[in-house]
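Enquirer: In our numbering, the protein residues as written are 2 to 369. C-beta: ideal position from N, C-alpha, C; glycine also. After the structure tokens below, expect a handful of questions from me.
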Amino acid sequence: MNTDNLFKPFSLKSLNIKNRIVMAPMTRSFSPNGVPTADVAAYYRKRAEGEAGLILSEGTVINRVSSSNDGNIPHFYGDAALAGWKNVIDGVHQAGGAMGPQIWHMGIMDNHHSGWLPAEPFEGPSGLNRPGSNNGKTMTESDIGDTIAAFGQAAADAKNLGFDCVEVHGAHGYLIDQFFWDGTNERTDIYGGKTLPERSLFALEVIKEVRKRVGEDFAVIIRLSQWKPADYTNQLATNPQELEAWLNPMADAGVDIFHCSQRRFWEPEFEGSDLNFAGWAKKITGKATITVGSVGLTGEFLAAFAGESSQPSSLDELMRRMDRGDFDLVGVGRPLLADPFWPKKIREDRTDELKGFTKAALGELVLD
């Protein structure tokens with residue numbers, strides 16, 4: 002297995018990383034009252050020591066009262082939380098790594114199993130967290146404007162704290178994705194519409210605000226998915242033409258890198274080609290892309306939440322696609338959650354030392 006291309010440096014604007022391995026965002030809920038602790042800082046620093054090229058943080062919520070459904074998910078606002086994130090990025094840099102926060106608004110969610118609720122109702126485009134399920138309020142245009150501004154402020158704070166880039170979470174059924182999906186966006190104003198490009202206005206305004214606040218030289222990533230937790234087979238764009246109409250306006254608005262989430266990276270996005278989501282996004286936009294989805298493991302992540310363990314798997318198919326130029330960067334989730342030294346072991350061909358993944362790893366901040 003030749004992984005040379007996985008270990009080539011990558012540079013784009015503010016982002017200069019030693020290899021193409023990206024630690025994918027994985028929400029951990031280890032930040033009491035939204036404040037990242039010293040343990041969280043140690044967790045990320047250890048991944049930098051293990052040679053992850055770029056670390057993308059767990060989802061960290063913007064300054065909206067109902068942006069989170071869990072009191073232990075980190076905030077990206079307020080003096081205490083931002084001081085916690087300053088400790089995180091300083092530790093990552095001291096270990097020779099690079100990092101960006103994933104800024105996030107969860108939108109309308111199911112109530113958390115702990116019973117914790119935000120002080121105000123969940124908010125989204127139409128009060129729906131999935132088709133037929135109302136668990137929040139419909140955002141007013143004022144709410145939307147304030148939310149766009151909050152995304153921009155979080156991005157500006159990321160740059161000011163010394164992060165190397167910022168990622169906007171637009172995937173997996175959360176707020177931005179709730180605007181994209183006709184199953185959760187029933188609005189009749191400018192933020193709704195019958196077509197995906199029409200329903201993308203909110204995302205475009207978020208991207209433009211983020212770009213305005215960080216300037217042209219700071220790398221901006223957006224994470225997107227076709228699938229939703231409420232519909233694993235969903236396709237927002239059902240063919241390359243619809244994908245082009247969706248992605249190109251975001252590229253024009255200021256996205257530098259598309260982070261294309263799939264459950265299984267090897268699955269083709271459309272009939273007639275073996276290109277995956279990241280492959281099509283790069284072909285259509287010409288922008289850099291990150292592929293992600295069960296890289297390096299036998300089982301996919303949704304099964305992991307149900308308790309299914311996974312074993313290390315070959316990277317041959319990944320490298321075939323990467324060597325062909327389908328994508329620029331590779332998102333690695335559970336292998337890095339369970340083993341901070343996964344990249345170093347791959348680089349040194351120590352595959353016999355790779356760890357599998359168990360559900361138990363979700364419940365701790367693994368440091369060795």
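Using alpha carbons as the reference points, say which of E318, V66, W343 and R212 lies closest to D275.
Expert: Here residue 275 refers to the residue found at position 274 of the sequence shown. Comparing Cα positions, the closest option is E318.
Enquirer: Considering only residues of the same chain and omitting the five flanking positions on each side of L176, which have a CB-CB separation below 7 Å?
Expert: Taking the sequence shown and counting its residues from 1, the one referred to as residue 176 is at position 175. Once the five neighbours on either side are set aside, the close Cβ partners of L176 are H106, M107, G108 and G125.
Enquirer: Considering Cα atoms alone, identify which of C166, T290 and L162 is closest to L225.
Expert: The sequence position of residue 225 within the sequence shown is 224, counting from 1. Comparing Cα-Cα distances from L225 to each of C166, T290 and L162, the minimum goes to T290.
Enquirer: Secondary structure at Q103, three-state DSSP: helix, strand or coil?
Expert: Numbered from 1 along the sequence shown, position 102 holds the residue referred to as residue 103. Strand, per DSSP.
Enquirer: With a Cβ-Cβ cutoff of 8 Å, do F181 and S201 count as a contact?
Expert: Taking the sequence shown and counting its residues from 1, one reaches residue 181 at position 180. Taking the sequence shown and counting its residues from 1, one reaches residue 201 at position 200. In this structure, S201 lies closer than 8 Å to F181 by Cβ.
Enquirer: For D111, I'd like the list of residues in its chain whose CB is within less than 7 Å of its CB, leaving aside the five on either flank, ordered along the chain.
Expert: Residue numbering aside, residue 111 sits at position 110 when the sequence shown is read from its first letter. Excluding sequence neighbours, D111 sits near N130 and N136.
Enquirer: On a CA-only basis, which of C261, T286 and R264 is nearest N249? Give me that one, please.
Expert: The residue given as residue 249 occupies position 248 in the sequence shown. Ranking the options by Cα distance to N249, first place goes to T286.
Enquirer: Under 8 Å, do L197 and E243 count as touching if we go by C-beta distance?
Expert: Taking the sequence shown and counting its residues from 1, the one referred to as residue 197 is at position 196. Taking the sequence shown and counting its residues from 1, the one referred to as residue 243 is at position 242. In this structure, E243 lies closer than 8 Å to L197 by Cβ.
Enquirer: Kindly indicate which three-state DSSP category S424 falls into: helix, strand or coil?
Expert: Summary: the structure shown does not reach residue 424, with the chain confined to residues 2 through 369, and so no result is reported for it.
Enquirer: So, does the CB of F219 fall closer than 8 Å to a CB anywhere in chain B?
Expert: Absent here is chain B; the protein component of the structure consists of one chain.
Enquirer: Apply the 10 Å Cβ neighbour rule to V167 and answer buried if 16 or more other Cβ atoms are within range, or exposed otherwise.
Expert: Sequence index remark: in the sequence shown, residue 167 carries index 166 (1-based). The residue in question, V167, is buried, as its Cβ has 16 or more Cβ neighbours within 10 Å.
Enquirer: How is the beta strand (DSSP E) around N73 delimited, first residue to last?
Expert: As a position in the sequence shown, residue 73 is number 72, starting the count at 1. That residue, N73, is in no beta strand (DSSP E); it is neither H nor E in DSSP.
Enquirer: What is the DSSP secondary structure of N135, counted as helix, strand or coil?
Expert: As a position in the sequence shown, residue 135 is number 134, starting the count at 1. Note: N135 maps to strand in three-state DSSP.
Enquirer: Report the partner residues of F259 according to the DSSP bridge assignment.
Expert: Stepping through the sequence shown from its first residue, residue 259 is reached at position 258. Paired residue(s): I223 and T290.
Enquirer: Kindly give me the distance between the Cβ atoms of T4 and M320, rounded to whole angstroms, as I take these residues to be in contact under 8 Å.
Expert: Start at 1 with the first residue of the sequence shown, and residue 4 comes out as number 3. Start at 1 with the first residue of the sequence shown, and residue 320 comes out as number 319. Confirmed, Cβ separation roughly 6 Å.
Enquirer: Give me the Cβ distance between V293 and A25, rounded to the nearest whole Å; I'm assuming they're in contact under 8 Å.
Expert: As a position in the sequence shown, residue 293 is number 292, starting the count at 1. As a position in the sequence shown, residue 25 is number 24, starting the count at 1. Rounded, the Cβ-Cβ distance is 5 Å, consistent with contact.
Enquirer: Keeping to the same chain, check which residues put their C-beta closer than 7 Å to that of N73; ignore five residues upstream and five downstream.
Expert: Here residue 73 corresponds to residue number 72 of the sequence shown, with the count starting at 1. Cβ neighbours of N73 beyond the five flanking positions: S30, F31, S32 and P33.
Enquirer: Helix, strand or coil for G128, going by three-state DSSP, please let me know.
Expert: Along the sequence shown, one-based indexing puts residue 128 at 127. Correct three-state label for G128: coil.
Enquirer: Tell me which residue opens and which closes the alpha helix (DSSP H) that I18 is part of.
Expert: The residue labelled residue 18 in the question sits at position 17 within the sequence shown. Taken as a continuous stretch (DSSP letters only), I18 belongs to no alpha helix (DSSP H), being part of the beta strand (DSSP E) at L16 to I18.
Enquirer: Based on DSSP bridge pairs, tell me the residues matched to S12.
Expert: Within the sequence shown, residue 12 is the residue found at index 11, counting from 1. Answer by DSSP bridge pairing, in chain order: N17.
Enquirer: Only counting the same chain, and skipping five residues up and downstream in sequence, which positions put a Cβ closer than 6 Å to that of R348?
Expert: Stepping through the sequence shown from its first residue, residue 348 is reached at position 347. Result list for R348: F8, in chain order.
Enquirer: Taking Cβ to Cβ, would you say E52 is nearer than 8 Å to P313?
Expert: Working through the sequence shown from its first residue, we reach residue 52 at position 51. Working through the sequence shown from its first residue, we reach residue 313 at position 312. Going by C-beta atoms, E52 is not nearer than 8 Å to P313.
Enquirer: Candidates V169, R214 and L55: which alpha carbon is nearest M251's?
Expert: Position 250 of the sequence shown, counted from the first residue, corresponds to residue 251. The candidate whose alpha carbon is nearest that of M251 is V169.
Enquirer: Between the C-alpha atoms of K283 and I258, what's the straight-line distance to the nearest angstrom?
Expert: Locating residue 283 in the sequence shown gives position 282, counting from the first residue. Locating residue 258 in the sequence shown gives position 257, counting from the first residue. Those two C-alpha atoms are separated by around 9 Å.
Enquirer: For my contact list, A82 and P37 are in at a C-beta cut-off of 8 Å; report their separation, rounded to the angstrom.
Expert: Translated into the one-based positions of the sequence shown, residue 82 becomes position 81. Translated into the one-based positions of the sequence shown, residue 37 becomes position 36. That pair is a contact at about 7 Å.
Enquirer: I need the straight-line Cα distance from V333 to V296, nearest angstrom please.
Expert: The sequence position of residue 333 within the sequence shown is 332, counting from 1. The sequence position of residue 296 within the sequence shown is 295, counting from 1. Roughly 6 Å separates the two Cα atoms.
Enquirer: Would you mind giving the Cβ-Cβ distance between D327 and A279, rounded to the nearest angstrom? I have them listed as a contact below 8 Å.
Expert: Counting from 1 along the sequence shown, the entry for residue 327 is found at position 326. Counting from 1 along the sequence shown, the entry for residue 279 is found at position 278. About 7 Å separates the two Cβ atoms, so the contact holds.
Enquirer: Assign N20 to buried or exposed, taking buried as 16 or more other Cβ atoms, counted over all protein chains shown, within 10 Å of its Cβ.
Expert: Sequence index remark: in the sequence shown, residue 20 carries index 19 (1-based). Buried, because 16 or more other Cβ atoms sit within 10 Å of the Cβ of N20.
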